[in-house]
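Note sheet for the following structure.
There are 2 protein chains.
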Amino acid sequence: MNRKVFFISDGTAITAETIGRTLLTQFKKIEYEQMTVPFIRSEQKLSPVIDLINRAEAESGSRPLVFSTLTNTDLTNKLAKCNALVLDLFSTFINPLEAELGTRSIHIAGQTHSLVNKGIYDKRMEAINFTLTHDDGASVRQLKDAQIIIIGVSRSGKTPVSVFLAMQFGLRAANYPLTNDDVGSARFPKILHAHRDKLYGLIIDPERLQQIRQKRKPDSKYASIRQCRKEINDVEYMYQYEHIPYLDVTHSSVEEITSQIIQEKGLKR
Amino acid sequence: MNRKVFFISDGTAITAETIGRTLLTQFKKIEYEQMTVPFIRSEQKLSPVIDLINRAEAESGSRPLVFSTLTNTDLTNKLAKCNALVLDLFSTFINPLEAELGTRSIHIAGQTHSLVNKGIYDKRMEAINFTLTHDDGASVRQLKDAQIIIIGVSRSGKTPVSVFLAMQFGLRAANYPLTNDDVGSARFPKILHAHRDKLYGLIIDPERLQQIRQKRKPDSKYASIRQCRKEINDVEYMYQYEHIPYLDVTHSSVEEITSQIIQEKGLKR
Numbered sequence: 001m002n003r004k005v006f007f008i009s010d011g012t013a014i015t016a017e018t019i020g021r022t023l024l025t026q027f028k029k030i031e032y033e034q035m036t037v038p039f040i041r042s043e044q045k046l047s048p049v050i051d052l053i054n055r056a057e058a059e060s061g062s063r064p065l066v067f068s069t070l071t072n073t074d075l076t077n078k079l080a081k082c083n084a085l086v087l088d089l090f091s092t093f094i095n096p097l098e099a100e101l102g103t104r105s106i107h108i109a110g111q112t113h114s115l116v117n118k119g120i121y122d123k124r125m126e127a128i129n130f131t132l133t134h135d136d137g138a139s140v141r142q143l144k145d146a147q148i149i150i151i152g153v154s155r156s157g158k159t160p161v162s163v164f165l166a167m168q169f170g171l172r173a174a175n176y177p178l179t180n181d182d183v184g185s186a187r188f189p190k191i192l193h194a195h196r197d198k199l200y201g202l203i204i205d206p207e208r209l210q211q212i213r214q215k216r217k218p219d220s221k222y223a224s225i226r227q228c229r230k231e232i233n234d235v236e237y238m239y240q241y242e243h244i245p246y247l248d249v250t251h252s253s254v255e256e257i258t259s260q261i262i263q264e265k266g267l268k269r
Numbered sequence: 270m271n272r273k274v275f276f277i278s279d280g281t282a283i284t285a286e287t288i289g290r291t292l293l294t295q296f297k298k299i300e301y302e303q304m305t306v307p308f309i310r311s312e313q314k315l316s317p318v319i320d321l322i323n324r325a326e327a328e329s330g331s332r333p334l335v336f337s338t339l340t341n342t343d344l345t346n347k348l349a350k351c352n353a354l355v356l357d358l359f360s361t362f363i364n365p366l367e368a369e370l371g372t373r374s375i376h377i378a379g380q381t382h383s384l385v386n387k388g389i390y391d392k393r394m395e396a397i398n399f400t401l402t403h404d405d406g407a408s409v410r411q412l413k414d415a416q417i418i419i420i421g422v423s424r425s426g427k428t429p430v431s432v433f434l435a436m437q438f439g440l441r442a443a444n445y446p447l448t449n450d451d452v453g454s455a456r457f458p459k460i461l462h463a464h465r466d467k468l469y470g471l472i473i474d475p476e477r478l479q480q481i482r483q484k485r486k487p488d489s490k491y492a493s494i495r496q497c498r499k500e501i502n503d504v505e506y507m508y509q510y511e512h513i514p515y516l517d518v519t520h521s522s523v524e525e526i527t528s529q530i531i532q533e534k535g536l537k538r
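Protein sequences, first through last, are from chains A and B.
Its first residue numbered 1, the first sequence is counted upward by one per residue in the numbering used here.
Its first residue numbered 270, the second sequence is counted upward by one per residue in the numbering used here.
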């Protein structure tokens with residue numbers, strides 16, 4: 001069965017997608033065909049979407065699933081009448097919140113991912129710029145300005161982790177590669193000594209590391225299983241010897257890895 | 270009034286934060302003190318959180334707001350009894366979905382941001398690596414592998430936009446800086462000609478550009494309002510002359526900019 005799924009929003013639709021997809025992960029056997037419809041702020045824009053939904057229902061014989069974060073009451077009411085299961089994320093929770101807080105909500109479209117909170121937004125953008133200029137040890141001068149420094153051997157996942165820390169959580173995350181020379185000794189590279197409170201180490205299964213390196217430099221010593229095993233062994237020993245917190249990232253996503261790091265290091269998200 | 274807000278999840282809590290913060294943007298006058306509690310997968314881990322919530326209520330005299338995406342029924346029931354307004358994002362929508370789909374949900378924790386869908390995840394990670402190696406025109410050899418190429422003058426916001434396209438939407442986004450030499454002419458740099466279908470231009474208010482550049486190179490010609498006005502003028506003329514879609518990013522967030530680009534270029538999100 002191939003269910004049509006619509007994510008409808010008056011903003012970017014990122015919230016509708018996030019909660020909708022979260023709920024759908026709980027139904028494994030169903031196949032979905034997804035369509036995201038952002039920036040719906042008038043009847044004129046909503047009408048063709050409703051036509052699409054109704055046509056999908058008529059053609060497939062099963063009701064589409066609609067996840068909506070529309071804030072406008074007229075549009076919400078109109079959408080509620082289409083031939084679909086409409087899950088209205090906004091109204092469902094806004095009423096109990098209004099009762100609890102004793103105040104009316106503003107019902108203004110597209111607040112979540114707009115520039116309403118300029119301070120927090122600017123902090124995130126600065127963090128991204130910081131992280132990109134400190135990727136792969138590119139600039140060590142400003143490591144003191146980092147809130148967290150991710151360390152690990154080549155291709156162990158430092159870059160996506162750092163970028164996600166900056167993009168999602170607004171943290172100035174640097175990363176520093178531990179090269180073959182570094183991991184030969186049980187001690188850190190000198191440059192890191194002053195920043196040990198900010199260090200967080202990554203390790204990864206040597207077989208997985210070998211696969212990743214093999215794609216980059218096929219059949220090199222760098223990509224050999226022997227080399228990968230040695231580096232991971234050495235680096236884990238180094239983390240333990242230096243009492244640096246570390247995580248095996250083989251079976252975790254960047255979302256899970258970064259949430260774990262933030263919690264362990266007591267950073268503010 | 271300073272309301273305590275808790276985001277509680279058995280996974281990373283990113284979904285709980287996203288929908289919770291979305292709802293809170295609709296209540297402007299309330300001040301919040303937020304706390305995120307990820308990875309709650311046992312009664313043992315939930316109990317101290319409930320104590321925290323109850324203490325917050327006792328101390329402040331007003332009920333905390335709790336946004337939960339817990340999937341386990343026992344934990345959900347336990348949480349529902351605390352002295353707070355508990356908005357249970359999971360159960361509220363999972364029941365109508367079960368009825369509609371005629372099947373039980375799996376009720377397994379932490380599915381959203383885990384590696385359950387390895388294919389999509391790997392695509393995102395590849396996109397991030399691609400985008401970082403193609404930041405600021407660093408590598409032009411593989412522009413042909415890009416799905417989208419963001420162009421604009423220095424500091425007009427190309428990097429955060431590209432990184433977000435990769436991180437959130439899994440798109441291989443490159444970016445290419447239009448230098449002073451380029452924008453002097455109404456034609457594109459040669460290198461871009463072969464890729465014109467993938468190009469998307471950014472412009473920004475010259476006053477805002479001047480502020481940003483001033484921070485980077487104070488009192489330089491590069492940061493002068495005259496230079497900023499000239500570059501933005503030239504580049505806008507170039508986009509129009511070459512029939513390239515473009516967007517003024519001055520008052521938009523990366524989420525809004527990227528959603529707009531994806532929609533306009535017909536990319537899959």
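Backbone N, C-alpha and C define an ideal beta-carbon position, used for all residues, glycine too.
These numbers come from a predicted model, not from an experiment.
Counted within 10 angstroms of its Cβ, other Cβ atoms place residue i as buried (16 or more) or exposed
i	result
residue 311 of chain B	exposed
residue 281 of chain B	buried
residue 144 of chain A	exposed
residue 191 of chain A	exposed
residue 139 of chain A	exposed
residue 450 of chain B	exposed
residue 175 of chain A	buried
residue 514 of chain B	exposed
residue 512 of chain B	exposed
residue 74 of chain A	exposed
Collapsed DSSP secondary structure at residue i in the structure displayed
i	result
residue 273 of chain B	strand
residue 189 of chain A	coil
residue 518 of chain B	coil
residue 30 of chain A	coil
residue 289 of chain B	helix
residue 384 of chain B	coil
residue 406 of chain B	helix
residue 86 of chain A	strand
residue 73 of chain A	helix
residue 375 of chain B	coil
residue 472 of chain B	strand
residue 130 of chain A	helix
residue 25 of chain A	coil
Continuous alpha helix (DSSP H) stretch holding residue i: start and end
i	result
residue 51 of chain A	43-60
residue 528 of chain B	523-534
residue 368 of chain B	358-370
residue 494 of chain B	494-510
Cβ neighbours of residue i in the same chain (closer than 6 Å, five flanking residues each side left out)
i	result
residue 319 of chain B	351
residue 156 of chain A	202 and 204
residue 393 of chain B	439
residue 354 of chain B	332 and 334
residue 236 of chain A	203
residue 362 of chain B	none
residue 538 of chain B	438 and 531
residue 276 of chain B	282, 285, 286, 289, 305 and 336
residue 164 of chain A	254 and 258
Contact belief for residue i with residue j at Cβ below 8 Å, rounded distance in angstroms
i	j	result
residue 341 of chain B	residue 285 of chain B	No, residue 341 of chain B and residue 285 of chain B are not in contact; Cβ-Cβ is about 14 Å, not under 8 Å.
residue 467 of chain B	residue 416 of chain B	7 Å
residue 34 of chain A	residue 5 of chain A	5 Å
residue 359 of chain B	residue 338 of chain B	5 Å
residue 421 of chain B	residue 447 of chain B	6 Å
residue 166 of chain A	residue 188 of chain A	Going by Cβ atoms, the distance from residue 166 of chain A to residue 188 of chain A rounds to 23 Å, so no, they are not a contact pair.
residue 507 of chain B	residue 452 of chain B	6 Å
residue 348 of chain B	residue 315 of chain B	7 Å
First and last residue of the uninterrupted beta strand (DSSP E) at residue i
i	result
residue 435 of chain B	Careful: residue 435 of chain B lies outside any beta strand (DSSP E), inside the alpha helix (DSSP H) at 427-438.
residue 475 of chain B	Careful: residue 475 of chain B lies outside any beta strand (DSSP E), inside the alpha helix (DSSP H) at 475-485.
residue 174 of chain A	173-177
residue 152 of chain A	148-152
residue 9 of chain A	Neither: residue 9 of chain A is in no beta strand (DSSP E) and is coded neither H nor E.
residue 67 of chain A	65-68
Sequence-distant residues of its chain with Cβ nearer than 7 Å to residue i (five each side left out)
i	result
residue 367 of chain B	373 and 374
residue 29 of chain A	none
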